[in-house]
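K.L.:
Supplied in C-alpha cells, the structure appears directly below.
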Amino acid sequence: MSPLTHYIMAYGLPLIFGVVFLEQLGLPIPALPVLIVAGALATDLDLSPLHVLAVAVFASLLADSIWFALGRLQGHRILKTLCEISLSPDSCVRQTESVFDRWGIPSLLVAKFIPGFSTVAPPLAGAMRIGVVSFLLYDLGGALLWAGASVAAGMIFHRAIDRVLGVLTSFGGWALVLVAAALTVFVVFKAWQRRRFYKTLRMARVSVAELHRMMDEGKSPLVLDVRTPAGRELDPRRIKGASVLDISNLEAGRGAIPRDREIILYCT
Amino acid sequence: MLMDRGFRMVRPLAGGLEAWIEAGYAAEPDPLIAIREASIERHESPP
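Here the protein sequences line up with chains S and L, keeping their order. Numbering-wise (the numbering used here), the first sequence opens with residue 10 and increments by one. Numbering-wise (the numbering used here), the second sequence opens with residue 502 and increments by one.
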C-alpha cells in the first residue's frame, strides 16, 4: 500500500478536508492527486464518492470565502500581498485581472483549473465588490466542477491509478524522496528565475523621485498607465498627465506612441 | 512587449502608482471613471 493510499484509508474525509482547505488557502499542497486517489479508492474500497465530493466542495468554499472577505476588507492590497507570496508575482496580478476582465464573475467556474488563478480569484472578486450571493453561487459551481472532475477521473481510471500506486509502493520510501526532490528542483529554479528577473528590473527601473524630477525639468517623458481596466476601476486615480495604454490591444495603440520620447510605464 | 516592437527608451516605474501617491506627488482621477461616477450620481440624486 502506498503512503498516500495508507493516509487516505486511515484518515479519510478529515484528510481530504484538510488538504483541500490548506491548498485553497494558498499552501503548496497537492490536493488534486489526493482527490483523484480518493476517487479511485472510492471504487475499490468503502469510501463514498459523494462524501468525498461534499467534503472537498465545503473545504474549498470555506477557504475561498475567507479570501473573498479579506478582498472586501483590504481591497487591492490583499491581491498584491497574495501575489508577492506566489512564485511568479510579477505576472500574477496582471494575469489575474486580465482573466477577470475577460470573463467576469463566471471565471470563478474555471478558476480552479488555472494554475495561480485559483487562490487569487476569490480576493479579487471581493476587492471588485462582487455580490456575496453571486460569489457563493459561482464559487460553488467552480468547486463542484473541479472536485467532481478529479473524483470522477479517479473513478474512471482507477485501474491505471492502482497500477501507478503499486509501482510507487514498490519504490518504498524512495518514492517520497523522488517526489520531494522534483518539487525542490522546481521551487529552486523558480526562485533563481525570479531573482534574475528582479536584478534586471532593478537596473532598468526609474524611481518616483527621478520621474518627478524629469517632469519638473521639462523632459516630459511619456507616462503610460498600463493597468488593466479592472485595476483602474479599483483605484481610479492616475499620475497627472499619464495616458492609458491597453497592453492586451497593443497593436491598435502603438501607432500613437512616439518613438523619440522616453516612455515610463506604471501599474498599481 | 513595447521593447519587442522597437521602442528602446522604456522603463517601468519602481513601486508603481502606489509609490507615486505615497510620495505625495500629483495624481488625478481617471477621466472616464470620473465621468461615469458623475453621471451615476446625477441619476441617483432626487429631483
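Glycine residues also receive a C-beta, built at the ideal position from the N, C-alpha and C atoms.
CB-CB under 6 Å to tryptophan 112 of chain S, same chain, minus the five flanking residues each way: which ones, in chain order?
P.N.:
Taken in chain order, the list of residues that qualify is empty.
K.L.:
Among the candidates S:Gly157, S:Tyr20, S:Leu274, whose CA atom is the shortest distance from the CA of serine 69 of chain S?
P.N.:
Residue S:Gly157 is the option with its Cα nearest to serine 69 of chain S.
K.L.:
Going by beta carbon distance, what residues of the same chain come within less than 6 Å of glycine 135 of chain S, once the five residues before and after it are set aside?
P.N.:
Answer for glycine 135 of chain S: Phe77, Gly80, Arg81, listed in chain order.
K.L.:
Alpha helix (DSSP H) containing arginine 236 of chain S: first to last residue?
P.N.:
That residue, arginine 236 of chain S, is in no alpha helix (DSSP H); it is neither H nor E in DSSP.
K.L.:
Decide if phenylalanine 180 of chain S is buried, meaning its Cβ has at least 16 other Cβ atoms within 10 Å, or exposed.
P.N.:
Exposed, because fewer than 16 other Cβ atoms sit within 10 Å of the Cβ of phenylalanine 180 of chain S.
K.L.:
Under 8 Å, with one C-beta from each stretch per pair, do the segment 117 to 128 of chain S and the segment 47 to 62 of chain S reach the 3-pair mark?
P.N.:
At 8 Å Cβ cutoff, the stretches do not touch.
K.L.:
For isoleucine 87 of chain S, which of S:Leu187, S:Pro267, S:Leu133 has the nearest alpha-carbon?
P.N.:
Comparing Cα-Cα distances from isoleucine 87 of chain S to each of S:Leu187, S:Pro267, S:Leu133, the minimum goes to S:Leu133.
K.L.:
What residue ranges within the segment 22 to 91 of chain S form continuous alpha helix (DSSP H) runs of no fewer than 4 residues, ordered along the chain?
P.N.:
Qualifying alpha helix (DSSP H) stretches, in chain order: 40 to 53, 58 to 83.
K.L.:
Can you name the start and end residues of the alpha helix (DSSP H) that valine 141 of chain S belongs to?
P.N.:
Counting along the chain, the alpha helix (DSSP H) containing valine 141 of chain S begins and ends at 141 to 165.
K.L.:
With distance defined between alpha-carbon atoms, name the residue in S:Pro42, S:Glu219, S:Gly21, S:Ser159 nearest to valine 188 of chain S.
P.N.:
Of S:Pro42, S:Glu219, S:Gly21, S:Ser159, the residue nearest in Cα terms is S:Pro42.
K.L.:
According to DSSP, what are the bridge partners of isoleucine 272 of chain S?
P.N.:
Paired residues: S:Leu231, L:Val511.
K.L.:
State the beta-bridge partners of glutamate 242 of chain S as determined by DSSP.
P.N.:
In DSSP, glutamate 242 of chain S forms no bridge with anything.
K.L.:
Below 8 Å on the Cβ atoms is my guess for alanine 528 of chain L versus isoleucine 248 of chain S; work out the distance and round it to an integer in Å.
P.N.:
That belief holds up - the Cβ atoms of alanine 528 of chain L and isoleucine 248 of chain S are roughly 6 Å apart, short of 8 Å.
K.L.:
Expressed to the nearest angstrom, what Euclidean distance is found between the alpha-carbon atoms of arginine 236 of chain S and methionine 137 of chain S?
P.N.:
Their Cα atoms are separated by approximately 15 Å.
K.L.:
Give a yes or no on whether the C-beta atoms belonging to leucine 243 of chain S and valine 511 of chain L are separated by under 9 Å.
P.N.:
No; because the gap between Cβ atoms is not below 9 Å, this pair is not in contact.
K.L.:
Is it the case that the Cβ atoms of isoleucine 38 of chain S and valine 46 of chain S are separated by a distance below 9 Å?
P.N.:
The answer is no: Cβ separation not under 9 Å.
K.L.:
Could you work out which residues of chain L lie near lysine 249 of chain S, taking near to mean beta carbons separated by less than 7 Å?
P.N.:
Simply Ala527, Ala528, Glu529.
K.L.:
Which same chain residues, not among the five before or five after serine 127 of chain S, have their C-beta less than 6 Å away from its C-beta?
P.N.:
Here the set comprises Ala120, Lys121.
K.L.:
Where does alanine 152 of chain S land, buried or exposed, given buried means 16+ other C-beta within 10 angstroms?
P.N.:
So alanine 152 of chain S counts as buried.
K.L.:
Hey, quick one: how far does the beta strand (DSSP E) through alanine 528 of chain L stretch, first residue to last?
P.N.:
Taken as a continuous stretch (DSSP letters only), the beta strand (DSSP E) holding alanine 528 of chain L covers 528 to 530.
K.L.:
Spatial neighbours of arginine 270 of chain S within its chain, please: C-beta separation below 8 Å, excluding the five flanking residues on both sides.
P.N.:
Closer than 8 Å at the Cβ level, and outside the excluded window around arginine 270 of chain S, lie Ser229, Pro230, Leu231.
K.L.:
Could you have a look at tryptophan 521 of chain L and say whether DSSP puts it in helix, strand or coil?
P.N.:
In this structure, tryptophan 521 of chain L counts as helix in the three-state DSSP scheme.
K.L.:
So who's on the other strand from isoleucine 248 of chain S, going by DSSP bridges?
P.N.:
Looking at the DSSP assignment, isoleucine 248 of chain S forms a beta bridge with L:Ala528.
K.L.:
If the cut is a Cβ gap below 7 Å, which residues of chain L does leucine 220 of chain S touch?
P.N.:
Result: Leu514.
K.L.:
Spatial neighbours of glycine 250 of chain S within its chain, please: C-beta separation below 8 Å, excluding the five flanking residues on both sides.
P.N.:
Result list for glycine 250 of chain S: Met224, Val232, in chain order.
K.L.:
Compute the Euclidean distance between the alpha carbons of aspartate 171 of chain S and isoleucine 165 of chain S, then round it to the nearest angstrom.
P.N.:
Cα-Cα distance, rounded: 12 Å.
K.L.:
In whole angstroms, what is the alpha-carbon distance linking glycine 517 of chain L and valine 215 of chain S?
P.N.:
If I take the Cα positions, the gap works out to 10 Å.
K.L.:
Note down, in chain order, every chain L residue with its Cβ under 9 Å from the Cβ of leucine 243 of chain S.
P.N.:
Neighbours of leucine 243 of chain S on chain L: none; closest Cβ ~10 Å, over 9 Å.
K.L.:
With burial defined as no fewer than 16 other Cβ atoms inside 10 Å of the residue's Cβ, what is the status of aspartate 73 of chain S: buried or exposed?
P.N.:
Aspartate 73 of chain S comes out buried.
K.L.:
Roughly how many whole angstroms lie between the Cα atoms of arginine 168 of chain S and valine 129 of chain S?
P.N.:
Cα to Cα, arginine 168 of chain S sits roughly 35 Å from valine 129 of chain S.
K.L.:
Compare the C-beta of glutamate 271 of chain S against all C-beta atoms of chain C and say whether one is closer than 9 Å.
P.N.:
The question asks about chain C, but that chain is absent: this structure's protein chains are S and L.
K.L.:
How many Å lie between isoleucine 32 of chain S and histidine 221 of chain S at the Cα?
P.N.:
Note on residue identity: the sequence assigns glutamate, not isoleucine, to residue 32 of chain S. Each residue's Cα considered, the two are about 43 Å apart.
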